[in-house]
Amino acid sequence: MKESITLNCKSILAAVILASSISPAFADCTANEKVEVLRELKVNFLTGDYDAFFTASDPTEAIPDNVENDTKVQLIQYIGVPVKCVDMVRKRYSDSFETLVSVFLGRDNQMVFLFFSTLNVDDEHQILGVQLSTDYSEILQYVR
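According to numbering that gives the first Met the number 0, numbering within the sequence shown proceeds without interruption in unit steps and concludes at 143.
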């Protein structure tokens, strides 16, 4: 995970804060989340419960323990416990597949972007993948 925020991200932050103060559509990203697994992941991240976040986002335990532990340490050092989250882009490709980009904001304007992809099978959403970065351009490559 990169340790710095680019100038482009700061302008995104200003837009997110402005939009969140004037539009209910930009309310806290957990309040209106209808997909239970996404709500759980966002609540875990927003409360700084990174152990629960990684457990829920990696049910097959594909992430090596050392990578997961290093990422948790970096998250704690970088953002600590986020103070707010905002959904940025949600795209539904079909009734079964959708993606979401959310930003989690820290006290000192730190930002962590999360990209979620879910699959709906028999009316139950499952996480296909979660990507996180402090670099928006890195997350943007997943948005199509």
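For glycine and all other residues, C-beta sits at the position ideal for the given N, C-alpha and C.
Nonlocal neighbours in the same chain, by C-beta distance under 6 Å from Val129, ignoring five residues either side: Non-local beta-carbon contacts of Val129 in its own chain, meaning distances under 6 Å to residues more than five positions away in sequence, involve Ser56, Phe115 in chain order.
Thr54 burial status per 10 Å Cβ neighbour count (16 or more: buried): By the neighbour-count criterion, in which a residue is buried when 16 or more other Cβ atoms sit within 10 angstroms of its Cβ, Thr54 is exposed.
Length of the line joining the Cα atoms of Ala151 and Val85: There is simply no residue 151 to check, as the chain begins at 0 and stops at 143 in what is shown.
Alpha helix (DSSP H) runs contained entirely in the stretch 39–98, provided each spans 4 or more residues: Fully enclosed alpha helix (DSSP H) runs of 4 or longer: 49–56, 64–77.
Cα-Cα separation, Asp121 to Val88: Near 25 Å, if we compare the C-alpha coordinates of Val88 and Asp121.
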